[in-house]
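Report on one structure; see the data block that follows.
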Amino acid sequence: MLKIQDQVSSVRKIDLEELSNTILFIAVFIGIWQLAYLSGIWPKVSLPSPLLVLESFIELIQDNTLLVSIGVTLYRLLIGFAASIAIGIGIGLAMVKFTGFGKTMSSFAIGLQSFPSVAWVPFAILLIGLNDAGILFVVIMSSVFSVMMSAYSGIRNIPPIYLKAARNMGAKGFSLFRHLMIPAATPALIIGIKQAWSFAWHALVGAEILMAASIGIGHIMLIGREFQLMDQIIASMITIFALGMIFDKIIFAKLEDKVREKWGLRQEQDIENK
Amino acid sequence: MSNLESLIQTKNKSVLELKNITKEYQDNKSRVKTKHTVINNLNLNIKDGEFVTIVGPSGCGKSTLLNLVAGLDQTFGGSIQVDDKPLALSPSTDRVVVFQEGALFPWLTVYGNIEFGLAIGKVPKKQRNEKVKKLIEMIQLTNFTNAYIHQLSGGMKQRVAIARALALDPKILLMDEPFAALDVQTKRMLYSHLLRIHDETKKTILFVTHNIHEAVALGDRVIIMSPKLANIKKEISVNIPRPRSIDHPFVETITKEIISESDGLSIKNGLIGIDPKNKDQENDNSTTTF
Chain P
18 MLKIQDQVSS VRKIDLEELS NTILFIAVFI GIWQLAYLSG IWPKVSLPSP
68 LLVLESFIEL IQDNTLLVSI GVTLYRLLIG FAASIAIGIG IGLAMVKFTG
118 FGKTMSSFAI GLQSFPSVAW VPFAILLIGL NDAGILFVVI MSSVFSVMMS
168 AYSGIRNIPP IYLKAARNMG AKGFSLFRHL MIPAATPALI IGIKQAWSFA
218 WHALVGAEIL MAASIGIGHI MLIGREFQLM DQIIASMITI FALGMIFDKI
268 IFAKLEDKVR EKWGLRQEQD IENK
Chain Y
59 MSNLESLIQT KNKSVLELKN ITKEYQDNKS RVKTKHTVIN NLNLNIKDGE
109 FVTIVGPSGC GKSTLLNLVA GLDQTFGGSI QVDDKPLALS PSTDRVVVFQ
159 EGALFPWLTV YGNIEFGLAI GKVPKKQRNE KVKKLIEMIQ LTNFTNAYIH
209 QLSGGMKQRV AIARALALDP KILLMDEPFA ALDVQTKRML YSHLLRIHDE
259 TKKTILFVTH NIHEAVALGD RVIIMSPKLA NIKKEISVNI PRPRSIDHPF
309 VETITKEIIS ESDGLSIKNG LIGIDPKNKD QENDNSTTTF
């Protein structure tokens, strides 16, 4: 019992230290910002004070713009991301099944993986139009190749002995896929999905700004630029930053942790960290 | 020896029949196609409930033979019959393999691994649960039911592997050097476990190993294979009554006898893992491997 309590208190200590470090960092950052504002190098329109940004934040929350925008943006993200995962895993499987297609497609997909997401925008506008479907197209095209490649290589790198053992126990066709391939490829898939998420997020905000979405976080920034509302732009940037942090640190970190624990990879990493 | 002959376990029905098995590998890499014969015209009969061990140096075709029986390799000459049916008509779950190591699934718990074959076979949940629990009791890992594979020791892992194979209730349990990667003490423990499990389940077991002592300690019959012949060199009946103790004096006698006879097989004497309990010179040969 004593040992466990010791561990708990040491964990809390680290947490507290981390928290105070973060607060200190933010305080210094705001301080420099405030100093830059006071120096008068930039006009007030170009660089508002932290306080002005805070006011704009409160305003955006009060007239409900921010919450609705976040909702719409996340909704688009969810749909685009889910479609990417489904399409990516589907094509990834086809690539495993048909080796010739897999080889060609994988070199093609690697090229497209690093293709800048905003470069899809003009194509999407002319092909689909300045609408939600166009934005979704950009999001999917930017993220689907990461999922595809991770599914493809994840399944191909499954140790042959797992497949041998599963087949020997009667698994074939769909049951082999569901009970063996998907769980065995999960660690690789999660890395690909995490990468796809960040690609999708980049693409979405870019597309919302460039494709003049009628609503969404990108839309707030677009309005901010049109009407020279720098405080509103900075407030949106902070929102985007915070959303990214939340997804990365909370959802994906937990997911990865869980997989690591199951597969027995976490302990090794913990030791390395210490 | 002769006074023990009467103790040979005789059972009438043969579960596995190998007739004129031939297996060749073609070397396609070199320009000149060369054929390499691993198994040449081999015949073997295994009776119901028999524990047969195949022993031989690496490259003698013993693992190949096991793969053929398991159906993992389907190109060969001759015929294999399981329960009087040709191999193609017998489901692979009749011949389940316990692999050397690393074949357990890390994303599943001990329970999940043992359940795997039953889940594939769509056995109802309730039945599954009963069976898995029974097997976990049999391998004496009740406290580890919900542990993940990486939390187990090497010996525990192989016990889980045995239980996972038994869950499917195969006609023949095939074991491909399952204990080769374990240390001597763990091996001894697993021999006792396996002998106990064999007594409890009366399964037919075909066990491949390169360790003569292991083959003698476990098997009713030891099949010695030679790479030169690509066939069975000798067959020895081990007439030690069951339930059997691995410390039975005949184990050493027969092991020595095999070693002294098989000078053609280039034996390295007693270098690999001397059993700490039998350290005296007499038993130095006990763990001799090919």
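Chains as they are written, first to last, in my numbering: chain P, 18 to 291; chain Y, 59 to 348. The C-beta atom is built at its ideal place from N, Cα and C for all residues, glycine as well.
Tell me the start and end of each unbroken alpha helix (DSSP H) in the stretch 30-114 of chain P that is at least 4 residues and wholly inside, in chain order. 67-79 and 82-114
Looking at chain P, which residues of the stretch 168-180 of chain Y have a Cβ within less than 7 Å of any of its Cβ atoms? 174, 175, 177, 178 and 179
For the stretch 94-101 of chain P against the stretch 216-232 of chain P, do three or more pairs of beta-carbon atoms, one drawn from each stretch, fall closer than 8 Å, so that the two count as touching? yes
Residue range of the unbroken beta strand (DSSP E) whose run includes residue 300 of chain Y: Element bounds for residue 300 of chain Y: n/a, residue is neither H nor E.
Using DSSP with H/G/I as helix, E/B as strand and the rest coil, what is residue 289 of chain Y? strand
Within-8 Å CB hit, residue 190 of chain Y to chain P: no
Looking only at C-alpha atoms, which of P:201, P:50, P:234 and P:184 sits nearest to residue 88 of chain P? P:234
Is residue 215 of chain Y near residue 276 of chain Y, with beta carbons less than 8 Å apart? no
What residue ranges within the stretch 116-158 of chain Y form continuous beta strand (DSSP E) runs of no fewer than 3 residues, ordered along the chain? 135-140 and 153-156
Could you compute how far the alpha carbon of residue 276 of chain P sits from the alpha carbon of residue 55 of chain P? 49 Å
Should residue 237 of chain Y be labelled buried (16 or more other beta-carbon atoms within 10 Å of its own) or exposed? buried
Tell me whether residue 82 of chain P, by its Cβ, gets closer than 7 Å to a heavy atom of the ligand MN. This structure does not include the ligand MN; it has no bound ligands of any sort.
Are the stretch 135-144 of chain P and the stretch 194-205 of chain P touching by the rule of at least three beta carbon pairs closer than 8 Å? no
Taking 8 Å as the threshold (C-beta atoms), are residue 156 of chain Y and residue 234 of chain Y in contact? yes
In the DSSP assignment, find the beta strand (DSSP E) that holds residue 271 of chain Y and state where it starts and stops. It is not in any beta strand (DSSP E) - residue 271 of chain Y instead sits in the alpha helix (DSSP H) that spans 270-276.
Beta-carbon of residue 186 of chain P versus every beta-carbon of chain Y: anything under 8 Å? yes
Does residue 274 of chain P pass the burial test, meaning 16 or more other C-beta atoms within 10 Å, or should it be called exposed? exposed
In its own chain, which residues sit with a C-beta less than 7 Å from the C-beta of residue 256 of chain Y, not counting the 5 before and 5 after it? 109 and 263
Is residue 157 of chain Y close to chain P, meaning its C-beta is less than 8 Å from at least one C-beta of that chain? yes
Does any residue of chain P have a CB that is nearer than 8 Å to the CB of residue 35 of chain Y? The shown model of chain Y, from 59 to 348, leaves out residue 35 of chain Y, and the question about it has no answer.
Can you name the residues of chain P whose CB is closer than 7 Å to the CB of residue 266 of chain Y? Here the premise fails: no neighbours, minimum Cβ distance about 15 Å.
Three CB pairs or more closer than 8 Å across the stretch 184-191 of chain Y and the stretch 151-160 of chain P: no
Are the C-beta atoms of residue 161 of chain Y and some chain P residue less than 8 Å apart? yes
Give the straight-line distance between the Cα atoms of residue 77 of chain P and residue 86 of chain P, rounded to the nearest whole angstrom. 10 Å
For residue 169 of chain Y and residue 193 of chain Y, what's the separation of their Cα atoms in angstroms? 10 Å
Mind listing the chain P neighbours of residue 226 of chain Y? Cutoff is C-beta to C-beta under 8 Å, in chain order. 186 and 187
For residue 241 of chain Y, name the three-state secondary structure that DSSP assigns. coil
Report the option in P:228, P:159, P:237 and P:177 whose CA atom is closest to the CA atom of residue 131 of chain P. P:159
Whole-angstrom distance between residue 206 of chain Y and residue 42 of chain P, CA atom to CA atom: 40 Å
Could you name the residues of chain P that residue 151 of chain Y contacts, counting a contact when the two beta carbons are closer than 9 Å? 185, 186 and 187
Under 8 Å between C-beta atoms, does residue 371 of chain Y make it to chain P? Absent from the model: residue 371 of chain Y. The displayed extent of chain Y is 59 to 348, so no value can be given.
On a Cα-Cα basis, can you pick out the residue from Y:253, Y:213 and Y:86 that is closest to residue 299 of chain Y? Y:253
Exposed or buried, which one is residue 327 of chain Y when buried takes at least 16 other CB atoms within 10 Å? With a pLDDT of 41 at residue 327 of chain Y, under the threshold of 50, the modelled position of that residue is not reliable, and no figure is offered here.
Is the CB-CB distance between residue 163 of chain P and residue 209 of chain P below 8 Å? yes
So residue 140 of chain Y contacts chain P; which residues on that side make the cut at Cβ distance below 7 Å? Chain P residues near residue 140 of chain Y: none, gap ~14 Å exceeds 7 Å.
With a threshold of 16 other CB atoms inside 10 Å of the CB of residue 214 of chain P, please say whether the residue is buried or exposed. buried
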